[in-house]
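A quick write-up on the structure given underneath.
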Amino acid sequence: MDLGPPAEEQELPAANTEEPAGESAAAEDAAVVILASAAEFDALLANSAQPVLVDFWATWCPPCKLQGPVVEEFAKNNSGTVKVAKLDVDQVPEVAQRLGVSAIPTLIVFRNGGETKRLVGFSEIEKLQKAVFGG
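Going by the working numbering, the sequence shown opens with residue 239, and the numbers climb by one from there.
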């Protein structure tokens with residue numbers, strides 16, 4: 239009587255297919271820091287010798303969904319010269335309120351802990367480049 243292959247052999251392909259997807263997703267997000275608290279935001283600004291670009295956004299905001307990939311591309315293109323972070327205004331509303339962020343997406347550039355430039359609404363990568371580096 240043939241009972242078929244043992245259960246362990248049937249489960250192996252499913253376990254192997256999930257690992258690479260998780261690894262590549264983590265690698266893609268490495269250039270952008272996700273800020274989950276006001277303390278993380280304050281620490282990022284206090285400890286950065288480089289300019290910091292923070293994308294204020296929310297999950298329900300269609301223009302924010304368009305802005306996200308632009309911010310990620312900007313971060314990858316400028317790795318080592320600028321720190322890039324995202325802050326969900328619904329998760330950390332106190333920072334948005336403190337800075338007077340009333341529309342999203344809003345991108346703010348900070349140098350030496352202070353705001354130097356603010357972009358409200360969707361911004362192309364060239365506009366981010368100019369806001370952070372001038373010219």
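The beta-carbon is built from N, C-alpha and C at its ideal position, and this holds for glycine as well.
Just so it is clear, the structure is predicted and the values come from calculations on it, not from any experiment.
- Residue pairing for R356: DSSP places it in a beta bridge opposite I346.
- By the criterion of at least three beta-carbon pairs nearer than 8 Å, the segment 350-363 is not in contact with the segment 316-331.
- In the structure shown, V370 falls within a helical segment according to DSSP collapsed to helix, strand and coil.
- Under the three-state reduction of DSSP output, A276 falls in the helix class.
- Measuring C-alpha to C-alpha distances from R349 to each of A313, F371 and G306 identifies F371 as the nearest.
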